[in-house]
Amino acid sequence: MGLSGVLPWHQATWQQLCRLADTDRMPHALLFSGEHGVGKQRLAEALIERTMCAAPGDQACGHCRSCQLLTSGSHPDLLRISPEEGKRHIRIDTIREVNRFVSQTAQQGGYRVIIISPAEAMNVAASNALLKSLEEPGQQTLFILLADVPSRVLPTIRSRCQQWTLPSVAIDDCLGWLTEQLASEDEARFWWQVSGGLPLSAVELAAPDARALRHQLHDCFEQLVRGGEPVAEAARLDRQAIDAILWYGIAWLEDLIRLGLSGTTASLRNPDLLPLYRQAVKNARVRDWFKLLDYAREQRRLLAVGANPNPQLVLEAWLVRWSALLRS
Ligand SMILES: [Zn+2]
Numbered sequence: 009m010g011l012s013g014v015l016p017w018h019q020a021t022w023q024q025l026c027r028l029a030d031t032d033r034m035p036h037a038l039l040f041s042g043e044h045g046v047g048k049q050r051l052a053e054a055l056i057e058r059t060m061c062a063a064p065g066d067q068a069c070g071h072c073r074s075c076q077l078l079t080s081g082s083h084p085d086l087l088r089i090s091p092e093e094g095k096r097h098i099r100i101d102t103i104r105e106v107n108r109f110v111s112q113t114a115q116q117g118g119y120r121v122i123i124i125s126p127a128e129a130m131n132v133a134a135s136n137a138l139l140k141s142l143e144e145p146g147q148q149t150l151f152i153l154l155a156d157v158p159s160r161v162l163p164t165i166r167s168r169c170q171q172w173t174l175p176s177v178a179i180d181d182c183l184g185w186l187t188e189q190l191a192s193e194d195e196a197r198f199w200w201q202v203s204g205g206l207p208l209s210a211v212e213l214a215a216p217d218a219r220a221l222r223h224q225l226h227d228c229f230e231q232l233v234r235g236g237e238p239v240a241e242a243a244r245l246d247r248q249a250i251d252a253i254l255w256y257g258i259a260w261l262e263d264l265i266r267l268g269l270s271g272t273t274a275s276l277r278n279p280d281l282l283p284l285y286r287q288a289v290k291n292a293r294v295r296d297w298f299k300l301l302d303y304a305r306e307q308r309r310l311l312a313v314g315a316n317p318n319p320q321l322v323l324e325a326w327l328v329r330w331s332a333l334l335r336s
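For the record, in the sequence shown the residue sitting at position 301 is 309 according to the working numbering, with numbers rising by one throughout.
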C-alpha cells in the first residue's frame, strides 16, 4: 500500500489546502462533502499523509517515519472513525474514544488526525459528544469529516468545520485518468456520463457485477414498458442491490424528465436507453415523472438512515410505481 496521490481533478483544491497548511492557517476541522464517487476519501488520505509527513513537499515525502507508519496502516496519531462492521451508525462510545485520543499528546510529536467517515453516520448523541473536541481540539490536531450528503450532518457539527464542497467532474478533467482505468476512451466517456460526472463511481459502475446489474435493470425496464408484471420482475432482481436499483431509477427518471421537457437527447446520462425512453415518454406526463422521482429519492433516503428495513417490499413498491407510469 503506497501513498494516495492527488486525483487530477482535485489539483486546484489541493493547492488551496497546501497553501493553508504552509501558511499556518489550516483550520482544525474540515468537512469534505460531495457525492459518492467524486473522490473525497482520496483527497482526505492525501491530506492526512501530507499533514503527518515530517518533510512534505507538494505531497507527502513517502520516506519519513510518519509516512512509513501510514503506509503500514499503523500510525498511532491517526484515528479512523466509521460505523462498526455491519452497523449503520457511529456510536457515542466510539466518539468518547475520539475525545480520549484528542486529550492525549501525539506519540510521534507531529499532528494528530481524526477522520470521521461518513459524518452522517453520527447520530445526535454521538454528534453532541463530539462538539467539545471539535471546539477545543488543542494544538496540531486536525479533524477531517467526510459526507455524501452534508445536510444530514448536524448543523452544530457543520458550523464548526470549514466546508469544502467537491462538485461533479467535467469530462476534460478526468478523461485521461478514466481512460487509464477503463482501457478505452469510449468506455471512459460512456461510464463518466452514466455516473453523472463522478469518476470513481464510473469505475465502479463499469466493473463486471455492476455492469450485469445495469443490464438486468435495462431488461426489467423493457419488460415493464411491454406490460410485464412488476412483482414478478422484482423477484428476478437482487433485493440487496436495492440502493443501486433506486440510484439507477433516479438517473433514468432524470433522463426522462430532460427528454420530456426539452426533447433533446444531448445531455442524457444513459443514451443507450433512448428507444425505451421514447416509448415511456409517450405514456406519462412530466409531472408524473417528477412525483416518482420524489418518491425514489425519499425511499433512498429512508434506506440510508435505516428507516426502511424491508428491501423486498421497497423493491416491489418501486417497480409497481414504475410500471404504473410506463404502461399508463
Ligand atoms: Zn514523509
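Beta carbons are placed, not taken as given, at the ideal position from N, Cα and C, and that holds for glycine.
Remember, it's a predicted structure, so these values are computed and weren't measured experimentally.
Query raised in the report: According to DSSP, is M130 helix, strand or coil?
Result: In the three-state reduction of the DSSP assignment, M130 falls in the strand class, which pools E and B.
Query raised in the report: Among Y256, I165 and L284, which one has its Cα closest to the Cα of G268?
Result: Of the listed residues, the one whose Cα sits closest to G268 is L284.
Query - Closer than 6 Å: A114 CB and nearest ligand 3 heavy atom - result: With respect to ligand 3, the structure shown offers nothing to examine, as its ligands consist of ligand 1.
Query - Which listed residue (M60, W17 and E43) has its alpha carbon closest to that of A29 - result: Looking at M60, W17 and E43, the one whose alpha-carbon comes closest to that of A29 is M60.
Query raised in the report: Do the CB positions of A196 and L221 come within less than 7 Å of each other?
Result: No. Outside cutoff.
Requested in this report: Find the nearest neighbour of R277 within the set K290, S270, R286 and D263, judged by alpha-carbon distance.
Outcome: Closest in alpha carbon position to R277, among K290, S270, R286 and D263, is D263.
**Report entry** Which of helix, strand or coil DSSP assigns to A155
**Finding:** Strand.
Query raised in the report: Residue range of the beta strand (DSSP E) that W172 falls in?
Result: Taken as a continuous stretch (DSSP letters only), the beta strand (DSSP E) holding W172 covers Q170 to T173.
Report task. Return the chain-ordered list of same chain residues with a C-beta closer than 6 Å to the C-beta of Q171, the five sequence neighbours on each side being excluded. Result -> Here the set comprises L39.
Report task. Return yes when at least one heavy atom of ligand 1 lies under 6 Å from the C-beta of C72, else no. Result -> Set against 6 Å, the gap from the CB of C72 to the closest heavy atom of ligand 1 is smaller.
Requested in this report: Take A127 as the anchor and find which of A155, E105 and Q148 has the nearest alpha-carbon.
Outcome: Measuring from the Cα of A127, the nearest candidate turns out to be A155.
Query raised in the report: Looking at the structure shown, is L311 part of a helix, part of a strand, or coil, going by DSSP?
Result: If DSSP states are grouped into helix, strand and coil, L311 belongs with the helices.
Query raised in the report: At which residues does the alpha helix (DSSP H) containing R160 begin and terminate?
Result: Per DSSP, R160 belongs to no alpha helix (DSSP H) and is neither H nor E.
Requested in this report: Label D85 either buried or exposed according to how many other C-beta atoms from any shown protein chain fall within 10 Å of its C-beta, with 16 as the threshold for buried.
Outcome: Looking at its Cβ environment, which holds 16 or more other Cβ atoms inside 10 Å, D85 is buried.
**Report entry** T31, DSSP secondary structure in three states
**Finding:** Correct three-state label for T31: coil.
Query raised in the report: How many angstroms separate the CA atom of R58 from the CA atom of P64?
Result: Cα-Cα distance, rounded: 6 Å.
Query raised in the report: What does L38 pair with, by DSSP beta-bridge criteria?
Result: DSSP output for L38 lists I152 and Q170 as bridge partner(s).
**Report entry** Counted within 10 angstroms of its Cβ, other Cβ atoms place A191 as buried (16 or more) or exposed
**Finding:** Taking a 10 Å sphere around the C-beta of A191, we find fewer than 16 other C-beta atoms and assign the residue as exposed.
Requested in this report: Tell me, to the nearest whole angstrom, how far the beta carbon of L232 is from that of L327; I am working on the premise that it is less than 8 Å.
Outcome: Beta-carbon to beta-carbon, L232 and L327 are separated by about 7 Å, close enough to satisfy the 8 Å threshold.
Report task. Kindly indicate which three-state DSSP category R295 falls into: helix, strand or coil? Result -> It is helical.
Report task. Excluding the 5 residues preceding and the 5 following N107 in the sequence, name in chain order all residues of the same chain whose CB lies nearer than 8 Å to its CB. Result -> Same-chain partners within the cutoff: A137, L138, K140 and S141.
Report task. Give me the Cα-Cα distance between A214 and W17, rounded to the nearest whole angstrom. Result -> Distance between the alpha carbons of A214 and W17 is about 20 Å.
**Report entry** Distance cut-off 6 Å: A29 Cβ against heavy atoms of ligand 1
**Finding:** Because no heavy atom of ligand 1 lies under 6 Å away, the Cβ of A29 does not count as near it: no.
Query raised in the report: Excluding sequence positions up to five away, which residues of its chain have a Cβ less than 7 Å from the Cβ of S12?
Result: The beta carbon of S12 sits closer than 7 Å to the beta carbons of R50, E53, A54 and E57 from its chain, once the five residues preceding and following it are set aside; these are given in chain order.
Report task. Counting only the same chain and skipping the five closest in sequence on each side, list residues whose C-beta sits under 7 Å from that of R166. Result -> Result list for R166: L39 and P158, in chain order.
**Report entry** Proximity to A37 [Cα-Cα], best of R27, W260 and V121
**Finding:** For the set R27, W260 and V121, the Cα lying nearest the Cα of A37 is the one of V121.
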